[in-house]
Each structure stands twice: as C-alpha cells, then as structure tokens.
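Scroll down for the structure; my scribbles are underneath it.
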Amino acid sequence: MTSQNVGVIGLGAMGVGIAQTLRRNGFKVHVCDVRPGVAEAFAREGGVACANPAALAAACDTLVSVVVNAAQTETVLFGEGGAAAAMRPGSTFIMCSTVDPNWSIALEAKLEATGIHYIDAPISGGAAKAAAGQMTMMTSARPAAYAAAGAVLDGMAGKVYRLGDKAGAGSKVKIINQLLAGVHIAAAAEAMALGLREGVDAAAIYEVITHSAGNSWMFENRMAHVLAGDFTPLSAVDIFVKDLGLVLDTARASKFPLPLAATAHQMFMQASTAGFAKEDDSAVIKIFPGITLPAKKDAP
3 MTSQNVGVIG
13 LGAMGVGIAQ
23 TLRRNGFKVH
33 VCDVRPGVAE
43 AFAREGGVAC
53 ANPAALAAAC
63 DTLVSVVVNA
73 AQTETVLFGE
83 GGAAAAMRPG
93 STFIMCSTVD
103 PNWSIALEAK
113 LEATGIHYID
123 APISGGAAKA
133 AAGQMTMMTS
143 ARPAAYAAAG
153 AVLDGMAGKV
163 YRLGDKAGAG
173 SKVKIINQLL
183 AGVHIAAAAE
193 AMALGLREGV
203 DAAAIYEVIT
213 HSAGNSWMFE
223 NRMAHVLAGD
233 FTPLSAVDIF
243 VKDLGLVLDT
253 ARASKFPLPL
263 AATAHQMFMQ
273 ASTAGFAKED
283 DSAVIKIFPG
293 ITLPAKKDAP
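Each residue of the sequence shown is one higher than the last, beginning at 3 in my numbering.
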C-alpha cells in the first residue's frame with residue numbers, strides 16, 4: 003500500500019503545481035527546494051518543509067524529483083544532504099526531468115542495487131496543467147515500482163502512460179515530445195517574424211492562424227507571449243538548448259538524421275548566445291532581423 007507521505011524535491015513552475023495537486027488529493031506532502039523560503043511558503047498552506055532531500059527521504063516512502071536536469075538529479079540523490087543514503091529499501095524515487103534515456107537506465111540499476119524502486123517519469127503540460135492535476139506523465143518502470151507508487155502517479159497527473167517494464171522508454175518518448183515542441187516553437191516564431199516583416203499586424207496574424215489549419219498548440223501558447231511583449235520565462239530558451247541537444251545526441255548514437263530538430267536547436271543556441279538564454283523560449287523570435295516586436299503591455 004502506498005504511504006500517504008510523499009516528498010517533492012524542486013518547487014519550480016511544475017514542481018509546485020505537482021505538490022499542490024498531491025496535497026489536494028489527500029497526500030501529506032513534504033517538500034524541499036534550494037531557494038531560501040520556498041519550501042516554507044508551501045508548508046504554510048499545508049505540508050512539511052524539509053531542510054534537504056535526506057530529511058525528506060527519512061519521512062517519505064515515495065520521492066518525486068522535479069529538478070531541471072540529470073546533474074541536479076544526481077545532486078538530489080548523491081550530493082551533500084542527498085536522498086539516496088536516507089531512503090529505505092522498498093521506497094520509490096520518481097524522476098520527472100528530461101534526461102538522456104541511457105542515463106535514466108543507469109540510474110535505475112544504481113538504485114535497484116540498494117533496494118530502491120525507480121520510475122522514469124518525465125512530465126509535460128506546463129505549470130497550469132501541473133497545478134490542475136492535468137499534466138501528462140510518460141513513465142516506464144519495473145512492475146514492483148508501479149505497485150509501490152502507482153497511486154502517487156495517479157494522484158499527481160491527468161494522464162499516466164505506462165510505456166515499459168524498465169527505465170528508458172519514458173525518457174525516449176519525452177525526447178520525441180521535446181523534438182516536436184522545440185520545432186513547433188521555432189516554426190511559430192519564424193512564421194510570426196515573417197508576418198511582422200511583411201507589415202501585418204501581430205494581433206491579426208495571431209487571430210487568423212489560431213483559427214486556421216496552420217495553428218499548433220505551441221503557436222497559440224507561445225505567440226501569445228510575443229503579442230503581450232512579455233518574455234518572463236515559463237520555459238526558458240536554454241531549456242530547449244538542453245532538450246533539443248538531448249534529442250540530437252540520442253539520434254546521433256544511431257546515425258539517425260533529424261534536419262528540422264537540428265535547425266531548431268541552432269535557433270535556440272543563437273537566441274541563447276545573443277543574450278536571451280533566461281528569457282521565455284518564445285524569445286527565439288528575437289533572432290530575426292528587421293522586425294519590430296509588440297511592446298510589453300502595461301499591467302491593468
């Protein structure tokens with residue numbers, strides 16, 4: 003039976019929504035975050051703030067890691083105050099980051115050797131869907147891991163896809179999703195930039211495309227940021243430098259060509275080196291010359 007004590011490590015845009023959803027669904031949620039005061043702010047509404055992953059692991063049988071990448075996950079588990087040494091045999095580590103599938107496979111083996119279950123569980127949907135309990139999880143794990151923590155997965159997401167009986171498949175499907183997401187954002191930016199260059203009103207472009215066959219979820223979502231002139235990072239340019247890099251690394255290993263993903267990756271790299279690394283990923287539109295972007299709207 004799954005313990006009602008669940009730990010969430012990393013209260014960023016997605017992590018805080020996951021923690022809120024689990025709390026709403028009846029779990030006692032323990033949290034930690036490297037930023038001062040973040041865990042305490044969550045705990046004031048209900049839950050327990052922990053000083054580090056080890057303290058969190060001591061209190062919970064299921065840990066959900068929602069950090070940025072593999073390096074941060076390694077620190078969460080094996081760094082100073084890390085969770086791995088404090089996790090009891092039979093407990094479960096749910097890894098929600100976008101990572102190299104081979105790294106995820108190796109982590110499963112490392113944790114299994116100490117009796118810890120592992121679920122390869124990248125997530126998608128954005129902050130709003132995470133907070134609403136409607137995000138998608140692309141998971142793969144041993145049957146024993148699902149038996150131990152399946153209720154936690156169901157308690158934090160709207161769609162939980164079980165894609166295999168060992169780690170790797172979840173991360174592979176997430177990488178495919180990121181290929182599409184990155185290419186769609188880059189294509190949306192290119193289309194909007196062309197429209198602006200040709201003198202078409204940005205709001206008119208947005209209105210027509212979002213009601214036409216050329217629309218995509220990414221165009222509708224990200225070009226709204228461009229229209230508002232607001233590049234506050236919900237998902238930063240450098241996220242797609244990383245994620246499309248993982249896409250290309252995966253394909254390179256089997257000599258599989260990805261011409262569109264490679265071009266999109268170069269666009270995000272250009273945006274990053276031009277000074278927009280920490281801006282919203284829609285800021286990739288700023289690489290196009292000779293266009294005037296909509297000004298930021300004043301708050302009401």
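C-beta atoms are modelled at their ideal positions from N, C-alpha and C, and glycine is treated no differently. Since the model is a prediction, treat every value here as computed from it, not as a measurement.
Using only alpha-carbon positions, find the residue among the options that is nearest to residue i.
| i | options | result |
| --- | --- | --- |
| D283 | N217, H186, A253 and I177 | H186 |
| F290 | Q268, K299 and L250 | Q268 |
| R46 | K112, V36, A60 and Q22 | Q22 |
| G135 | A150, M158, S218 and A285 | M158 |
| A133 | A273, V70 and N27 | N27 |
| A73 | H227, F258 and K244 | K244 |
| S142 | N7, S173, W219 and A230 | S173 |
| L246 | Q180, I20, L295 and N217 | Q180 |
| L24 | G14, A129, M220 and L155 | L155 |
| A87 | P103, T294 and A59 | A59 |
| M271 | F242, P55 and A253 | F242 |
| A129 | N223, A85 and R254 | N223 |
| G184 | G197, S218 and G81 | S218 |
| T294 | F80, G84, D203 and R144 | D203 |
| I177 | G19, E192, N71 and T212 | N71 |
| E192 | A215, M220, G84 and G81 | M220 |
| G19 | I107, K131 and G81 | K131 |
| I107 | M89, R144, M225 and G49 | R144 |
Can you tell me whether residue i is buried or exposed? The criterion is at least 16 other CB atoms within 10 Å of its CB, across all chains shown.
| i | result |
| --- | --- |
| A195 | buried |
| F278 | buried |
| W105 | buried |
| E281 | buried |
| S332 | Look at the range of the chain in this structure, 3 to 302, and you will see that residue 332 is not part of it. |
| M3 | At M3, the pLDDT of 39 sits below 50, so the modelled position is not reliable and the matter cannot be decided from this model. |
| F258 | exposed |
| G201 | exposed |
| D63 | buried |
| I287 | buried |
| A306 | In the structure displayed, the chain extends from 3 to 302; residue 306 sits before or after that span and is not available. |
| A115 | exposed |
| M16 | buried |
| V78 | buried |
| A297 | exposed |
| G216 | exposed |
| R53 | Residue identity check: residue 53 is Ala in the sequence provided, not Arg. Flag for A53 reads exposed. |
For the putative contact between residue i and residue j, defined by C-beta atoms under 8 Å, what is the C-beta separation to the nearest angstrom?
| i | j | result |
| --- | --- | --- |
| M137 | G127 | 3 Å |
| V101 | M140 | With a Cβ gap of about 12 Å, V101 and M140 do not count as contacting. |
| A264 | L250 | 6 Å |
| A266 | A188 | 4 Å |
| P103 | T252 | 7 Å |
| A41 | A51 | 4 Å |
Here's a check: name, in chain order, each residue in its chain whose Cβ is nearer than 6 Å to the Cβ of residue i, leaving out the five neighbours to either side.
| i | result |
| --- | --- |
| V66 | V10 and I96 |
| A230 | K299 |
| A150 | T94 and H119 |
| P302 | Low local confidence applies: a pLDDT of 49 at P302 is under 50, so the model's placement there is unreliable, with the coordinate-based value given in what follows. Nothing listed; no residue qualifies. |
| T212 | E222 |
| M89 | A59 and I118 |
| M225 | A190, M194 and Y208 |
Leaving out five residues before and five after residue i in sequence, what residues of the same chain have Cβ atoms less than 7 Å from its Cβ?
| i | result |
| --- | --- |
| G117 | P91 and G92 |
| N7 | K30, H32, A61, C62 and D63 |
| A205 | L229 |
| L13 | A21, V33, D35, V40, A41 and F44 |
| F233 | H227, E281, D282, S284 and A285 |
| I207 | M194 and G197 |
| R37 | none |
So, for residue i: in the same chain, excluding its five sequence neighbours on each side, which residues have a beta-carbon less than 8 Å away from its beta-carbon?
| i | result |
| --- | --- |
| A146 | H119 |
| T75 | S67, V69, M97, S99, V101 and L109 |
| G292 | R199 |
| L260 | L181, V249, L250 and A253 |
| G83 | A53, N54, P55, A56 and A57 |
| G49 | A21, R25, K30, V31, H32 and V33 |
Under 7 Å from any heavy atom of the ligand MN, does the C-beta of residue i make it?
| i | result |
| --- | --- |
| R26 | For the structure depicted, the ligand MN is absent and the ligand set is empty, with no information on it obtainable. |
Original post:
Are at least three pairs of beta-carbons, each pair with one atom in the stretch 234-241 and one in the stretch 156-164, less than 8 Å apart?
Top reply: no
Original post:
Per the contact definition of three or more C-beta pairs closer than 8 Å, is the stretch 93-103 in contact with the stretch 117-132?
Top reply: yes
Original post:
Is there contact here, the stretch 163-178 with the stretch 105-122, by at least three beta-carbon pairs under 8 Å?
Top reply: yes
Subject >> At least three beta-carbon pairs within less than 8 Å, the stretch 16-31 to the stretch 39-54 >> reply: yes
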